[in-house]
Amino acid sequence: MPCVGDWLNSPLSIVQGIFAQSVPNSDWEKKVTEYFKEKLKENNATNWVPSLNDVPVHYLKPNSLVKFRCMVQDMFDPEFYMRVYETVDPNTNARVLHFGKYRDVAECGPQQEIDLNSSQTVTSERQTFYCVPVPGESAWVKEISFLTEPAYVSTSQARVSPSTSYTPSRHKRSYEEDEDMDLHPSKQKEQHLGKSCCSGSDIHGCVEPKRLETEASAGHHVVSPNCSPPLDLNFPLPGEKGPACLVKVYENWESFKVNDVLEVFGVLSVDPVLSIVNSEERDSSTLDPMECMDTAEEQRVHSPPASLVPRIHVILAQKLQHINPLLPACLNEEESKTCEFVSNFMSELSPVRAELLGFLTHALLGDSLAAEYLILHLISTVYARRDVLPLGKFTVNLSGCPRNSAFTEHLYRLIQQLVPASYHLRMSIESMNHSRFVPHKDYTANRLVSGLLQLASNTSLVIDETQLEQGQLDTAGVHNVTALGNLITWQKVDYDFNYHRMEFPCNINVLITSEGRSLLPSDCQVHLQPQIIPPNMEEYMSSLLTAVLPSMLNKFRIYLSLLRLLDYSISDEVTKAVEEDFVEMRKNNPESVTADDLHKMLLVARFLSLSAGQTTLSRERWLRAKQLEALRKARLQQQQSVNGNEL
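For the sequence shown, counting from 1, position 609 maps to 1662 in this note's numbering; every step adds exactly one.
Encoded structure:
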């Protein structure tokens, strides 16, 4: 039986064994999937698999099993590959069947050629996704994923650190050396002369060992690598780090779409021969111009150097409900560990909520009402869509924030410590006019160019209006402000495909900080009433984090992620009581209570119930929601009378 090292270090040898045993049956692919699925279930074996999120590519063994937590930034056209192919020895006429799945290049033994006309050849399709690390992923997510076991995993089970799983098999080359290799592919050829393989482009004989790229190239063109601009990894947010990967999916790729967050397990391919093949394709000048369907830019983007953009050939992949490493990956499963974890945490929910409320009250300068609404905002999520209306969105405008101070910056840093993914958007005339918010299609490179609003579901977006000054928005600025408004109101972003726009639904938690009422729409405006004015804001905010125990901070993180995923319902009895209550409120003051007010109170009641761990609305929570809304409105009216104008 294969040991752990076999399926981790040499997954292709496992596939080869299953393939050899199953030929000529066609169920070998299903057996491969089942084999790795069972292996990853054993003793939390997923924690043994090195992650590209944690370990630099140059420390990982080529063709080993890796995992990657990522967001689908773009999807390319499906590509053809040889799933099964046959090689022949010209001397002995001996024939051998090989599998091409999970590989970028088709390999064969010495003195062998690929028989492209063999009746045994099977051609299939695979889908390539361009994937990037989750935009705005918090540092604590990366640290906990790498350093510690999740809270729901027994601490008695040892973790194998991915960084020590392998010793580097090669020295890391500098970027300049990579460029040198790209400019002089003959140098790389010389390094690979000892490898035995055959080229389909020279099927008459193997003059020198070569490899055949299993991917069917759609076309060739002429372009000098010297003229290529630096490769743009197309991260949605500025300053992002981590690998971008070409993720090649073989089954059920229709279930994945742009902006989905995935965890994939697959074979790592960083073969330098990919750069050679791509370079030869670009340098070739003997091709029929009619076959040159791809532009030079398209092939450069779709076939980047494997050292910069590694390939992962997916064996198993799943959509992630969330990226919080402190929670089980899937809370829908009826596993005993998952149920036990949820029930144990729910039993101590009340003190955790009280501690979090106190923590956020201090962060909001002693304003407990604003802290209540911030909790409701942080656990809000779009749970359904009725026609075009997203249900469950709860954008909060926190007005009354100190102008030109570091308050929003430090508040964002605290939120960043609580949520798995976030981004701080500093709203200014310059940023509105010069930033790219909406992704657009580049038809020359045949790719989707990312924008700031291409974010994963449940990302917290904090928009700071306190830095906004008078100025003129240009056309781009107007489009960006419009895009923000559509995101808040409809929870969608209209991607620009030049000739048309395509709606991409999203689920982004938006918090707006402003001095007066925000220029952007919101679901709820809460005017901040500071009870304390710290002389040193940075020192004050930093001390808040220092005072919280790491164990309690982790409970805050679990609390906010878990409650987003709970189901919620309202019984017929409570629904009737709410309707009667609304009728009474309309009788007393018909002008001040509208249908929108009822919707807002029901939304507050929903998240108030969930924040207490209750999945149904009770009379008590309904009354509390009405009380909170009355306090919030009274504060706004008071501030309006003080200022003499509308907030």
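Glycine included, C-beta positions come from ideal geometry on N, C-alpha and C.
When the Cα atoms are used, H1553 and D1527 turn out to be separated by approximately 21 Å. Out of S1622, Q1173 and S1458, the CA that lies nearest to the CA of M1590 is found in S1458. Counted as a single uninterrupted DSSP element, the beta strand (DSSP E) harbouring G1319 occupies residues V1314 to S1322. Contact annotation: T1519 and T1448 have beta-carbon atoms that are not nearer than 8 Å. The alpha-carbon of A1529 is positioned some 44 Å away from that of G1666. The stretch 1486 to 1493 makes contact with the stretch 1531 to 1546, as at least three CB pairs between them are under 8 Å.
Residue nearest to P1574 within the set K1640, L1537 and M1135 is L1537 (criterion: CA-CA distance).
A residue is called buried when at least 16 other Cβ atoms come within 10 angstroms of its Cβ; F1550 does not meet this threshold and is exposed. For V1449, there is no enclosing alpha helix (DSSP H); the residue is part of the beta strand (DSSP E) that begins and ends at V1449 to S1452. Between R1570 and Q1578 the beta-carbon gap is near 6 Å, inside 8 Å, which marks them as a contact. Distance between L1464 and L1597, taken at the CA atoms: about 11 Å. CA-to-CA, the gap between R1479 and R1466 works out to about 13 Å. The criterion of a C-beta distance shorter than 8 Å is not satisfied by I1611 and T1669.
Nearest to V1141 by C-alpha distance, out of L1150, Y1134, F1133 and M1135, is L1150.
Straight-line measurement puts the Cα of S1484 at about 33 Å from the Cα of L1409. A distance below 8 Å between beta-carbons, with the five flanking residues on each side excluded, links S1664 to the following residues of its chain, in chain order: R1406, I1428, L1429, I1432 and L1616.
Assigned with DSSP and collapsed to three states, Q1584 falls in coil, not helix or strand.
In the three-state DSSP reduction, E1401 falls in the coil class, being neither helix nor strand.
Around the C-beta of M1555, fewer than 16 other C-beta atoms lie within 10 Å, and the residue is accordingly described as exposed. Here L1506 is buried, its C-beta having at least 16 other C-beta atoms within 10 Å. No Cβ-Cβ contact shorter than 8 Å links P1291 with L1508. The C-alpha of E1304 lies about 9 Å from the C-alpha of I1368. DSSP lists S1513 as the beta-bridge partner residues of S1475. With 16 or more other CB atoms across the displayed protein chains lying within 10 angstroms of its CB, H1366 is buried. Residue environment analysis places G1153 among the buried positions, since at least 16 neighbouring C-beta atoms fall within 10 angstroms of its C-beta.
Rounded to whole angstroms, K1545 and Y1138 show a C-alpha spacing of 45 Å. Under a 10 Å Cβ-count criterion, N1116 is classified as buried, with 16 or more other Cβ atoms of the shown protein chains found around its own Cβ. Setting aside the 5 residues that flank it on each side, I1376 is surrounded in the same chain by R1122, V1187, E1190, V1194, V1314, P1473 and A1474, each with a C-beta closer than 7 Å to its C-beta; the list follows chain order. Burial check for R1674: the Cβ neighbour count within 10 Å reaches 16 or more, so the residue is buried. A distance below 7 Å between beta-carbons, with the five flanking residues on each side excluded, links L1619 to the following residues of its chain, in chain order: L1663 and T1668. The three-state secondary structure of A1529, taken from DSSP, is helix. For the set T1086, T1647 and Q1469, the Cα lying nearest the Cα of F1609 is the one of Q1469. According to the DSSP secondary-structure assignment, A1382 is paired through a beta bridge with no residue. The stretch 1320 to 1329 makes contact with the stretch 1352 to 1367, as at least three CB pairs between them are under 8 Å.
Of the candidates A1683, K1301, V1515 and A1648, the residue whose Cα lies closest to the Cα of S1177 is K1301. Only residues of its own chain outside the window of five on either side were considered, and among them Y1476, I1561 and V1563 have a CB closer than 6 Å to the CB of L1514, listed in chain order.
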